[in-house]
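The structure under discussion appears below in the form of structure tokens.
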Amino acid sequence: MSSTQFTMDLVAPASTARTDFILGSCNALAADWIDRWPDWPGRIKGLVLHGPDDCGKSHLAAIWAQHSGAKLLTSLDDGAIHQLDDHPHVIWDKPQPSADWPDDLVFHFLNRLTELEGSVLILSRAPMSTLNWALADVASRLNGLSAAEIAPPDDEVLIAVLHKLADDCGLALDPDVSRYIVNRIDRSFAVATRLIKELNRVTLAEHRKLTTPLVRDVLAQQGF
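If you number the sequence shown the way numbering that gives the first Met the number 0 does, the last residue is 223 and the count never jumps.
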């Protein structure tokens, strides 16, 4: 493994300003925790955001990085732990017991983070309690962090997300069309993301406007 494990910037959605985050009951707690920093409780100043793909975890992480100067931690070795001296606030994406995240180094990482009074924001699909760390101390410390779940969106949040995704692509999405979409797709951030990407591809390839008939065709191709 390379000794340089911090990236300079977090890869995140196209528009990551705080004002562009779509707030609803599904994610209000997660956003509130981000806004509370640096007043996160606990000996280890950490927060776990868990939820499905494309639910806004990276957007919230980008907001936090803008305030904290946090860097994205991609894997862990002794060099990465030493870099905490210069970058004590970090984003840990998709933690998983593996060769990239050895238990003993995770243990030392958490200890060093505590000594430096740093912070860690963990982005995960599932709660920390579902991960099988070999060291009980690692599992205990991660399970003890504050956590917020991002749940599936309600209709109004999903409509707002569709419009944000369309705006990011430069697509003009009519409100009647977005309501048509929401009435037919699963309540899923990932489904909405894939659909807008496909609609953007089709409108560009076929030089068509984003209309209800076009959406109907694409939804039929995707099984809706």
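Just so it is clear, CB atoms sit at the ideal spot from N, CA and C, and this is done for glycine as well.
Option nearest T129 by Cα separation, candidates D19, P94, Y179, V190: One-based indexing of the sequence shown puts residue 129 at position 130. Just measuring C-alpha positions, the residue of D19, P94, Y179, V190 sitting nearest T129 is P94.
Straight-line gap, G23 to C54 (C-alpha atoms, nearest Å): One-based indexing of the sequence shown puts residue 23 at position 24. One-based indexing of the sequence shown puts residue 54 at position 55. CA-to-CA, the gap between G23 and C54 works out to about 12 Å.
Endpoints, beta strand (DSSP E) assigned at H88: Stepping through the sequence shown from its first residue, residue 88 is reached at position 89. Segment 88 to 92, the beta strand (DSSP E) holding H88.
Run of the alpha helix (DSSP H) containing I21, from where it starts to where it stops: Within the sequence shown, residue 21 is the residue found at index 22, counting from 1. If you look at I21, you'll find it isn't in any alpha helix (DSSP H); DSSP assigns it neither H nor E.
Distance between beta carbons of L209 and L172, contact taken as under 8 Å: One-based indexing of the sequence shown puts residue 172 at position 173. One-based indexing of the sequence shown puts residue 209 at position 210. Rounded, the Cβ-Cβ distance is 6 Å, consistent with contact.
Between the CA atoms of G45 and A135 - distance to the nearest angstrom: Position 136 of the sequence shown holds residue 135. Position 46 of the sequence shown holds residue 45. The alpha-carbon separation between A135 and G45 amounts to approximately 18 Å.
Reduced DSSP secondary structure (H/G/I, E/B, other) of I33: In the sequence shown, residue 33 corresponds to position 34, counting from 1. Residue state, collapsed to three classes: helix.
Bridge-paired residues (DSSP) for H49: Looking up residue 49 in the sequence shown gives position 50. Bridge partners of H49: S123, E148.
The stretch 166 to 184 touching the stretch 64 to 84, judged by at least three CB pairs closer than 8 Å: Fewer than three pairs of CB atoms, one per stretch, sit closer than 8 Å, so the stretch 166 to 184 makes no contact with the stretch 64 to 84.
8 Å Cβ cutoff met for T202 and L164: As a first step, residue 202 is located in the sequence shown; it is residue number 203 there, counting from the start. As a first step, residue 164 is located in the sequence shown; it is residue number 165 there, counting from the start. Remark: C-beta atoms of T202 and L164 do not approach each other more closely than 8 Å.
Residue span of the beta strand (DSSP E) that contains L71, given as start and end: The residue labelled residue 71 in the question sits at position 72 within the sequence shown. Looking at the DSSP string, the run of the beta strand (DSSP E) that includes L71 is 70 to 72.
Exposure of S1, with buried meaning 16 or more beta-carbon neighbours within 10 Å: Here the question's residue 1 lines up with position 2 in the sequence shown. Residue placement at S1 is flagged as unreliable, the pLDDT there being 42, under the threshold of 50; a coordinate-derived value is accordingly withheld.
Beta-ladder partner(s) of K44, from DSSP: As a working mapping, residue 44 is identified with position 45 in the sequence shown. DSSP, once it has assigned bridges, lists S118 as partnering K44.
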